[in-house]
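For reference, the structure is listed below as structure tokens.
Protein chains: 2
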Amino acid sequence: MACSPHPLDEALRLRPAPSSSPAAGRYEGQTHAGYWNMVGPFGGITAATLLQAVMQHPDRLGDPLALTVNYAGALVAGPFTVQALPVRSNRSTQHWTLSMQQAGADGAPMLTTSATAVTALRRQTWGVDDMRMPDVPAPADLPALPPGLGVEWLDRYEIRPICGTIPERWDGGGEHSLTRFWMRDAPARPLDFCALTALADVFFPRVWLRRARRVPVGTVSITVYFHADGAQLQETGPGYLLGQACGQVFRNGFFDQSAQLWNAAGHMLATSHQIVYYKE
Amino acid sequence: MACSPHPLDEALRLRPAPSSSPAAGRYEGQTHAGYWNMVGPFGGITAATLLQAVMQHPDRLGDPLALTVNYAGALVAGPFTVQALPVRSNRSTQHWTLSMQQAGADGAPMLTTSATAVTALRRQTWGVDDMRMPDVPAPADLPALPPGLGVEWLDRYEIRPICGTIPERWDGGGEHSLTRFWMRDAPARPLDFCALTALADVFFPRVWLRRARRVPVGTVSITVYFHADGAQLQETGPGYLLGQACGQVFRNGFFDQSAQLWNAAGHMLATSHQIVYYKE
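Protein chains in written order, with the working numbering: chain W, 35 to 314; chain R, 35 to 314.
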């Protein structure tokens, strides 16, 4: 049986721009219909694509430690370019600036996304996970969301809700913004830094839960801190992650979201924050 | 009586680089001895300085919404340049890339700090503060930290500890990383976005509290989300802010910190996150 690539690997495919050396960090990619959101790609896949450019850059030092992605404008379906530049390399950390561009209506390149990343060589030290994984039912004991919920990218994930599920009635009766669910790529796929990045953005907008009202929203900026190294991701393999997300403030058109991602063994793999526009 | 400028205003002073137009966003500044940390400036003042370049850029749209600052290398005492570029302006948000440079040992410019910012026009909408200010004693009922604690910048702040104070004994006996204190500029100064940015970084390293052990540390990346508009900052004036900070994970050389800043009226003004290097 022929083995077709995983949709995530298809979406993350970047090739060096023609007539540029790999070290120039210029890549070309293509939006993927499988990760389409309402008016552009799922933000998590855009963030993962920017990190992918860092991962395949020949001068990379170490593993991802921090990534901040600013969504400046929606991508349209089609090709895009990514620029990844290591702007300073130290002994154990390396700083990156990243950008994504697409041809605008007039054909001129237009910035859609800007980002920064830090990669680092990690050494074994004292450590502790103070934010413990909450006590929740096992994935096998919880039903998965059915496919076909309305946006294509959601079908690329297997999500098993625990609490704070998307409201069944949009009746304005929300009381909190805490969501917990098990999640993984669908079909299952071994975890890596890019997949983890996208998973950090799988949570639906906190304001929908908080208000039980479906107002227009859009992430403005997301930051992911990676607490796991490659070995811990490999141990996690294609297993479920427990995701938790909550908002702290909703005010005058913007709310924040804090999120934590643990593997099933209870190791915190990533924490993430975002600030999100909402209307009304 | 002559009125000398506040040290914060001195530290944040930027002038357009010679023979560049204001719209070019190239500024020159100077490190300030009053905000010196152990091997470079206090990280909060560097972050505030980068935001200051945005604030005085003639093309700025709206107020700060998000700022991410990556500390790529320590600054030495002396002059630096800041570059602030609005890379995309939409109807209500504007995206910025920022960098700070200093002459290296060979005289060539060297990047010390990279950053991104988002500014936004905010409109009145539904809102709620879900992360409530904890119930704490009033500033007047708490003694302030004495001056001369060892790093110069700390004397530029009035800090009235509530809980999670810096350990009195470095005996390895730490149990948590939660700190709360009242704080403001010293001398008192009306709050603005730059001052708020610096205040988001006033917390001492979480790992020192968690371990009651003073290991070498350094912030790698900080993000500040601004939830207040200019009017709310003006209402706060020179008043105290309640600051709260806590770490979630400490692992293999890096820990995270989440922080919240409220004014005395209980309004959440900013939330912040950082990832910090630690040794051992």
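Idealized CB from N, CA, C, for every residue including glycine.
Local Cβ density within 10 Å of residue i, reported as buried at 16 or more and exposed below that
{"i": "Cys197 of chain W", "result": "exposed"}
{"i": "Gln291 of chain W", "result": "buried"}
{"i": "Ser211 of chain R", "result": "buried"}
{"i": "Asn124 of chain R", "result": "exposed"}
{"i": "Gly287 of chain R", "result": "buried"}
{"i": "Ala67 of chain W", "result": "exposed"}
{"i": "Pro181 of chain R", "result": "exposed"}
{"i": "Asp169 of chain W", "result": "exposed"}
{"i": "Cys37 of chain R", "result": "exposed"}
Within-9 angstroms CB hit, residue i to chain W
{"i": "Ile79 of chain R", "result": "no"}
{"i": "Phe284 of chain R", "result": "yes"}
{"i": "Glu269 of chain R", "result": "no"}
{"i": "Trp242 of chain R", "result": "no"}
{"i": "Tyr311 of chain R", "result": "yes"}
{"i": "Gly281 of chain R", "result": "yes"}
{"i": "Phe316 of chain R", "result": "With chain R covering 35 to 314 only, the question about residue 316 of chain R has no answer from this structure."}
{"i": "Gly107 of chain R", "result": "yes"}
{"i": "Ala149 of chain R", "result": "yes"}
{"i": "Arg47 of chain R", "result": "no"}
{"i": "Leu99 of chain R", "result": "yes"}
{"i": "Met316 of chain R", "result": "Summary: the structure shown does not reach residue 316 of chain R, with chain R confined to residues 35 through 314, and so no result is reported for it."}
Short Cβ contact (9 angstroms threshold) for residue i with residue j
{"i": "Glu44 of chain W", "j": "Pro52 of chain W", "result": "no"}
{"i": "Arg194 of chain W", "j": "Pro177 of chain W", "result": "yes"}
{"i": "Thr257 of chain W", "j": "Thr102 of chain W", "result": "yes"}
{"i": "Ile79 of chain W", "j": "Leu46 of chain W", "result": "yes"}
{"i": "Arg244 of chain R", "j": "Tyr69 of chain R", "result": "no"}
{"i": "Ser126 of chain W", "j": "Arg157 of chain W", "result": "yes"}
{"i": "Gln294 of chain R", "j": "Met302 of chain R", "result": "yes"}
{"i": "Thr115 of chain R", "j": "Pro143 of chain R", "result": "yes"}
{"i": "Val185 of chain W", "j": "Met89 of chain W", "result": "no"}
{"i": "Ala100 of chain R", "j": "Tyr259 of chain R", "result": "yes"}
{"i": "Ala279 of chain R", "j": "Thr199 of chain R", "result": "no"}
{"i": "Gln64 of chain W", "j": "Thr305 of chain R", "result": "no"}
Test: residue i CB closer than 9 angstroms to a CB of chain R
{"i": "His91 of chain W", "result": "no"}
{"i": "Trp216 of chain W", "result": "no"}
{"i": "Val110 of chain W", "result": "no"}
{"i": "Asn297 of chain W", "result": "no"}
{"i": "Trp187 of chain W", "result": "no"}
{"i": "Asn71 of chain W", "result": "no"}
{"i": "Asp169 of chain W", "result": "no"}
{"i": "Trp204 of chain W", "result": "no"}
{"i": "Ser211 of chain W", "result": "yes"}
{"i": "Tyr129 of chain W", "result": "A quick correction: the sequence has His, not Tyr, at residue 129 of chain W. Taking Cβ atoms only, chain R reaches closer than 9 angstroms to His129 of chain W, which makes this a yes."}
{"i": "Gln328 of chain W", "result": "Residue 328 of chain W lies beyond the range of chain W shown here (35 to 314); nothing can be said about it."}
Opening and closing residue of the beta strand (DSSP E) in which residue i lies
{"i": "Ile256 of chain R", "result": "251 to 260"}
{"i": "Thr102 of chain R", "result": "97 to 105"}
{"i": "Gln266 of chain R", "result": "Looking at the DSSP string, Gln266 of chain R is not in any beta strand (DSSP E); the run it does join, the alpha helix (DSSP H), is 264 to 270."}
{"i": "Met280 of chain R", "result": "Looking at the sequence shown, residue 280 of chain R is not Met but Cys. First-last of the beta strand (DSSP E) with Cys280 of chain R: 275 to 280."}
{"i": "Trp296 of chain R", "result": "288 to 297"}
{"i": "Pro41 of chain W", "result": "Run containing Pro41 of chain W: none in the beta strand (DSSP E); it sits in the alpha helix (DSSP H), 41 to 45."}
{"i": "Val310 of chain R", "result": "302 to 312"}
{"i": "Arg60 of chain W", "result": "60 to 64"}
{"i": "Leu145 of chain W", "result": "143 to 154"}
Residue span of the alpha helix (DSSP H) that contains residue i, given as start and end
{"i": "Met89 of chain W", "result": "77 to 89"}
{"i": "Leu230 of chain W", "result": "227 to 233"}
{"i": "Arg122 of chain R", "result": "That residue, Arg122 of chain R, is in no alpha helix (DSSP H); its beta strand (DSSP E) goes 113 to 123."}
{"i": "Asp164 of chain R", "result": "First-last for Asp164 of chain R: undefined, no H or E at that position."}
{"i": "Leu179 of chain R", "result": "Taken as a continuous stretch (DSSP letters only), Leu179 of chain R belongs to no alpha helix (DSSP H), as it is neither H nor E."}
Cβ-heavy atom distance, residue i to the ligand PLP, below 8 angstroms
{"i": "Met134 of chain R", "result": "As far as ligands go, the structure on display features none, and thus does not contain the ligand PLP."}
If you pair each beta-carbon of the segment 141 to 156 of chain R with each one of the segment 269 to 280 of chain W, do three or more pairs fall below 8 angstroms?
no
Indicate whether the contact test is met: 3 or more Cβ pairs, each with one atom in the segment 129 to 146 of chain R and one in the segment 222 to 235 of chain W, closer than 8 angstroms.
no
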